[in-house]
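Novice: There's a structure below that I have some questions on.
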Amino acid sequence: MSIPERKNNRGRIQIMGDVLGLATSGIRKTHIMYRANLSYEQVHMYLSELIERGLLVQHATDEGVVYRTTERGREFLYFYNKIVDFLEIPQQAGLEMPYLSK
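Mapping of the sequence shown onto my numbering: residues 1039 to 1140, in sequence order.
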């Protein structure tokens, strides 16, 4: 039995991780939209959810509104990255894993 191939669409959690990763040092909404490859509607939806959950905050500056990852958001990123690392398939030479065949 083979593992079905998945299209390269990002899931909700991955997009949240992408946005939080971009906002660790502060970033404007437009830059999040372009760098995370999100539509206007999507960026609003994700920013609202991340703010509601206390993972992201917004600050008004002279240049406009800047979004920044909170301490709780950094904790999310820590665990998210742990899971991503854990799920990577080992790429060791000569190692065959028939149960992971495509």
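For every residue, glycine included, the Cβ atom is placed at its ideal position computed from N, Cα and C.
1. Which of the three DSSP states is assigned to Val1122 in this structure?
2. DSSP has Ala1061 in a bridge; who is on the other side?
3. Report all residues from its chain with a CB closer than 7 Å to the CB of Leu1060; omit the five preceding and five following residues, and keep chain order.
4. How far does the alpha helix (DSSP H) with Arg1073 in it extend, from its first residue to its last?
5. When DSSP labels each residue in this structure, what does Leu1094 get in the three-state scheme?
6. With 16 as the cutoff for other CB atoms within 10 Å, does Leu1125 come out buried or exposed?
7. Nearest to Thr1062 by alpha carbon, out of Gln1096, Arg1091, Glu1101?
8. Inspect the beta-carbon positions of Leu1093 and Gly1111 and report whether they are closer than 8 Å.
9. Counting only the same chain and skipping the five closest in sequence on each side, list residues whose C-beta sits under 6 Å from that of Val1122.
Specialist: With the given structure in hand:
1. helix
2. Partner(s): none; Ala1061 has no beta bridge.
3. Ile1070, Arg1073, Ala1074
4. 1067-1073
5. strand
6. exposed
7. Gln1096
8. yes
9. Nothing meets the Cβ criterion.
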